[in-house]
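Colleague: This note's numbering applies: residue -3 is where the sequence shown begins, and numbers increase by one.
C-beta: ideal position from N, C-alpha, C; glycine also.
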Amino acid sequence: MSSVLDSVIDQVDNNNLNLVRFLFCDTANVIRAKASSAKTLRLRLQTGIGLVKGAMAVNMLDQAQTDTGYGATGEVRLVPDLKTFRILPYVPATAMLICDMQELNREAWSLCPRSILKRMIARCQEAGVRIKAAFEPEFLLGRVDGDQFVPIDRSNCFSTEGMNRAADFINEFATALSSQGLTIEQYYAELGHGQHELSIRHAYALEAADNQIVYRETLRGVSTRMGLVASLAPKPSPDWPGNGCHLHVSLWDANSNTNLIGEDQKLSAIGRHFVAGLLKHLPALVAVTCASTNSYKRLQPRAWSSAYTCWGYENREAAIRVPSVYWGQEAESANLELKCVDSSANPYLALAAVIAAGMDGVANKLKPPEPVSAEPSTLDPANAEKNGVRRLPQDLGEALKALECDEVITEALGAEFVKVYLAVKRSEQAQFSGLAAEEEARLHFMRY
Ligand code: GLU
Ligand code: MG
-3 MSSVLDSVID
7 QVDNNNLNLV
17 RFLFCDTANV
27 IRAKASSAKT
37 LRLRLQTGIG
47 LVKGAMAVNM
57 LDQAQTDTGY
67 GATGEVRLVP
77 DLKTFRILPY
87 VPATAMLICD
97 MQELNREAWS
107 LCPRSILKRM
117 IARCQEAGVR
127 IKAAFEPEFL
137 LGRVDGDQFV
147 PIDRSNCFST
157 EGMNRAADFI
167 NEFATALSSQ
177 GLTIEQYYAE
187 LGHGQHELSI
197 RHAYALEAAD
207 NQIVYRETLR
217 GVSTRMGLVA
227 SLAPKPSPDW
237 PGNGCHLHVS
247 LWDANSNTNL
257 IGEDQKLSAI
267 GRHFVAGLLK
277 HLPALVAVTC
287 ASTNSYKRLQ
297 PRAWSSAYTC
307 WGYENREAAI
317 RVPSVYWGQE
327 AESANLELKC
337 VDSSANPYLA
347 LAAVIAAGMD
357 GVANKLKPPE
367 PVSAEPSTLD
377 PANAEKNGVR
387 RLPQDLGEAL
397 KALECDEVIT
407 EALGAEFVKV
417 YLAVKRSEQA
427 QFSGLAAEEE
437 ARLHFMRY
């Protein structure tokens, strides 16, 4: 029987590929790669590809933060996970592999986001829990005319007119995602002009984060090939609706493979503990799940993006929404949705931090406050305060301060990693603080 390795090499040979990209997602959530020649792939899979350590201390503007101690010296290896092999449908003769980063002694590197998530998954496994998740990105689609972005449609939310205008792209996109093994759940034209949402089926945590990388790569790749522009930026323009990337999470018993999060169409006890953990750590968590200065332009009241630390059943203004379960799939479909997540977040780090926060609630049997059924900005301030309903951090700096003080999240991500993360993100904050909102939005528009 041939191994996974042989199957990868066979696919490379049979499809006459030239290059295989070794992909990683950096601290600033930019997806980068070094490519191996297809001819020498077998060797490269043994040796890995070298990467300068300073690559993980670079911000989204490619400015190196060498005072972190990571610069031009020192090297790690990009080591591919063979299960992530995919032939790319949007560029010729090329495949990709998603990589972990290993020190030269083969230990997982402390700045490797994928290894950080794997560590959290292993901790859950020890606690008898497996996490399933799905990122749910919204994006903007259009074309560039001169220096103007022209949205693909100017239609209403959920409108079939919007679907028709975007249909050529959406068909290509859906085909490309399916050919890479992703299962599409739903699609609709969102509220904003040119804004669309196509969601992917949930998967175990590592695969869910890998899927988000494949999704982003495919969105950019297919749109570029069709002469279009797509952006997942949280607030692509100050005047347009934001692009969320809500994160759906459920907890499964590692032995019996049953969903633990719901009971009688409500959250179970363990589900409530998980929610309490999320709420407790939310101000620090958003430093990782809403990772850019641009993110905080999106997190406004009455934008369905969430702006307050609260949870509720079917409440689209709450940071944590517990959606109604599906008919006939009541147990399997129970999950919670974290709304304060966007696509400027590195998906491995976002999921690792979410797991750390939620599982802190489970381990310490924390109790959440009462669910909120109203629009949180309309609550009487005294009642809101009593129920822990507070405004989320209003800029990245505030969130980073909360992260710096949060021992649970820092321990989970690793103190060394958090040190670098704070430096990278504070450098972005300093770069963007003097810029006009339009310019800040434009720079994020192009990057994410
Ligand atoms: N666009 C909204 C956001 O920024 C979400 C709308 C929805 O509920 O799908 O999160
Ligand atoms: Mg939506």
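If you draw a straight line from the alpha carbon of Phe270 to that of His277, how long is it in whole angstroms?
Modeller: So the two alpha carbons sit approximately 11 Å from each other.
Colleague: Taking 8 Å as the cut-off, is the C-beta of Gly190 nearer than that to any heavy atom in the ligand NAP?
Modeller: As presented, the structure is devoid of the ligand NAP, carrying the ligand GLU and the ligand MG as its sole ligands.
Colleague: Please name the residue in Ile266, Asn331 and Val416 whose C-alpha comes closest to that of Arg197.
Modeller: For Arg197, the nearest C-alpha among the options comes from Asn331.
Colleague: Rounding to the nearest angstrom, what Cα-Cα distance links Gly46 and Gln325 in this structure?
Modeller: Distance between the alpha carbons of Gly46 and Gln325: 47 Å.
Colleague: Can you list, in chain order, the residues of its chain with a C-beta nearer than 7 Å to that of Tyr86? Leave out the 5 residues immediately preceding and following it.
Modeller: Cβ within range, chain order: Ala172, Thr214, Gly217, Val218 and Arg221.
Colleague: I'd like the span of the alpha helix (DSSP H) that includes Met159, first residue to last.
Modeller: Unbroken alpha helix (DSSP H) run through Met159: Thr156 to Ser175.
Colleague: Kindly examine the ligand MG and report whether one of its heavy atoms sits closer than 8 Å to the Cβ of Glu505.
Modeller: Absent from the model: residue 505. The displayed extent of the chain is -3 to 444, so no value can be given.
Colleague: Whose CB is closer than 6 Å to a heavy atom of the ligand GLU? List the residues in chain order.
Modeller: Selection output, chain order preserved: Glu134, Pro237, Gly238, Gly240, Arg294, Ala299, Trp300, Ser301, Arg312 and Lys335.
Colleague: For Phe413, list the residues DSSP reports as bridge partners.
Modeller: Partner(s): none; Phe413 has no beta bridge.
Colleague: Taking the continuous beta strand (DSSP E) assigned at Arg28, which residues delimit it?
Modeller: Start and end: Ile27 to Ser33.
Colleague: Using DSSP with H/G/I as helix, E/B as strand and the rest coil, what is Glu313?
Modeller: Coil at Glu313, not helix or strand.
Colleague: Does DSSP put Thr90 in a helix, a strand or coil?
Modeller: Strand, per DSSP.
Colleague: State the Cα-Cα distance for the pair Ala89 and Gly354, rounded to the nearest angstrom.
Modeller: Distance between the alpha carbons of Ala89 and Gly354 is about 42 Å.
Colleague: Label Tyr200 either buried or exposed according to how many other C-beta atoms from any shown protein chain fall within 10 Å of its C-beta, with 16 as the threshold for buried.
Modeller: By the neighbour-count rule (16 or more Cβ atoms within 10 Å), Tyr200 is not buried but exposed.
Colleague: Under DSSP, the alpha helix (DSSP H) around Glu436 begins and ends at which residues?
Modeller: Segment Ala433 to Arg443, the alpha helix (DSSP H) holding Glu436.
Colleague: For Leu57, count the other beta carbons within 10 Å of its own beta carbon; 16 or more makes it buried, fewer makes it exposed. Which is it?
Modeller: With fewer than 16 other Cβ atoms within 10 Å, it is exposed.
Colleague: Can you say whether Ala408 is buried or exposed, counting buried as having 16 or more other CB atoms within 10 angstroms of its CB?
Modeller: Its Cβ being crowded by 16 or more others within 10 Å, Ala408 is buried.
Colleague: Which of helix, strand or coil does DSSP assign to Cys95?
Modeller: Three-state DSSP puts Cys95 in a strand.
Colleague: What's the call for Met(-3), buried or exposed, on a 16-neighbour Cβ count within 10 Å?
Modeller: Because the pLDDT of Met(-3) is 48, which lies under 50, any placement of that residue in the model is unreliable, and the question is left without a value.
Colleague: Identify the continuous alpha helix (DSSP H) that holds Cys241 and give its terminal residues.
Modeller: Cys241 -> not in any alpha helix (DSSP H); beta strand (DSSP E) instead, spanning Cys241 to Asp249.
Colleague: To which residues of the same chain is Ala411 closer than 7 Å at the C-beta, ignoring the five residues directly before and after it?
Modeller: Cβ within range, chain order: n/a, list empty.
Colleague: Looking at the ligand MG, does it come within less than 8 Å of Glu333, judged from the CB to the closest heavy atom?
Modeller: For the ligand MG, not one heavy atom lies less than 8 Å from the Cβ of Glu333.
Colleague: Does Trp323 pass the burial test, meaning 16 or more other C-beta atoms within 10 Å, or should it be called exposed?
Modeller: With fewer than 16 Cβ atoms within 10 Å of its Cβ, Trp323 is classed as exposed.
Colleague: For Ala130 versus Asn342, is the C-beta distance shorter than 9 Å?
Modeller: Not in contact: Ala130 and Asn342 (Cβ atoms no closer than 9 Å).
Colleague: When you compare only the Cα positions, how much space is there between Gly258 and Arg82?
Modeller: In a straight line, the C-alpha of Gly258 is about 35 Å away from that of Arg82.
Colleague: Would you say the beta carbon of Glu186 comes nearer than 8 Å to a heavy atom of the ligand MG?
Modeller: Checking the Cβ of Glu186 against the ligand MG gives yes.
Colleague: Which term fits Ser473, buried or exposed, when burial requires 16 or more other beta carbons within 10 angstroms of its beta carbon?
Modeller: There is no way to answer for residue 473, as the model of the chain reaches only from -3 to 444.
Colleague: Classify Met(-3) as helix, strand or coil using the three-state DSSP reduction.
Modeller: Unreliable positioning characterises Met(-3) in this predicted model, as indicated by a pLDDT of 48, which lies under 50. The coordinate reading is nonetheless provided below. Met(-3) falls in the coil class under three-state DSSP.
Colleague: Starting from Leu113 and walking both ways along the beta strand (DSSP E), at which residues does that stretch end?
Modeller: Taken as a continuous stretch (DSSP letters only), Leu113 belongs to no beta strand (DSSP E), being part of the alpha helix (DSSP H) at Pro109 to Glu122.
Colleague: Does DSSP put Thr305 in a helix, in a strand, or in coil?
Modeller: Thr305: strand per DSSP, three-state reduction.
Colleague: Could you check if His242 belongs to the surroundings of the ligand MG, using beta carbon to heavy atom distance under 8 Å?
Modeller: Yes - the ligand MG has a heavy atom lying nearer than 8 Å to the Cβ of His242.
Colleague: Can you grab the Cα-Cα spacing for the pair Ser291 / Gly124, in whole Å?
Modeller: So the alpha carbons of these two residues sit roughly 34 Å apart.
Colleague: If you drop the 5 nearest sequence neighbours on each side, which residues of the same chain put their C-beta closer than 7 Å to that of Gln296?
Modeller: Ala303, listed in sequence order.
Colleague: Tell me the DSSP secondary structure of Asn342 in three-state form.
Modeller: Reduced to three states, the DSSP call for Asn342 is coil.
Colleague: Alpha carbon to alpha carbon, what distance is there between Asn152 and Cys241?
Modeller: Cα to Cα, Cys241 sits roughly 20 Å from Asn152.
Colleague: For Trp300, which option in Ser373, Ala250 and Asn251 has the closest C-alpha, if you only look at C-alpha atoms?
Modeller: The shortest C-alpha separation from Trp300 is found at Ser373.
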